[in-house]
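Written out below as structure tokens is the structure these notes cover.
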């Protein structure tokens, strides 16, 4: 099993998640919630289903995280511009927290890149993008 791509990918994903979660833990935000906040920070007015695709999570999980962020005052809702839905937007408190968290995220990124080395970091990132785009055979 040591040469199993799937097992090693799952183990690496867990290790990465723990590393990033550790950086964000003092702020009460998980990696998943940070990802959601960053999507909202981009300011795209898009349906929840499209946001879910962008953060590689199912719609139900995204909504659960959005509702949690709303309860914490980091995200606010408004009626959708079209239809009966609602829009999720960063609140002032959420925007301030994201700005505070970005340097910690960048630091974690730099730490992982240093562990891998720049060439391997770029190769790993390219391979992951290829796999998630469904282009790898």
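Numbering (UniProt numbering), first residue to last: 1 to 137.
The beta carbon of each residue, even a glycine, is placed where N, CA and C say it ideally should be.
Whether residue i touches residue j by CB criterion (7 Å)
i	j	result
residue 34	residue 66	no
residue 17	residue 29	no
residue 94	residue 74	yes
residue 112	residue 41	no
Identified DSSP bridge partners for residue i
i	result
residue 78	87
Same chain, Cβ closer than 7 Å to residue i, five either side skipped, listed in chain order
i	result
residue 86	77, 78, 79 and 80
residue 108	19, 20 and 23
Residue i versus the options, residue with shortest Cα-Cα distance
i	options	result
residue 106	23, 58, 97 and 13	23
residue 49	43, 42 and 57	57
residue 115	84, 55 and 15	15
Cβ separation of residue i and residue j, assumed to be a contact under 8 Å, to the nearest whole Å
i	j	result
residue 62	residue 36	7 Å
residue 39	residue 51	5 Å
Beta-carbon contacts of residue i that lie in its chain and below 8 Å, excluding the five residues immediately before and after
i	result
residue 68	33
residue 145	This structure leaves residue 145 out entirely; the chain is present only between 1 and 137.
residue 136	With a pLDDT of only 39 at residue 136, under 50, the local geometry of the prediction cannot be trusted, and the value read off the model is given with reservation. Once the five neighbours on either side are set aside, the close Cβ partners of residue 136 are 127 and 130.
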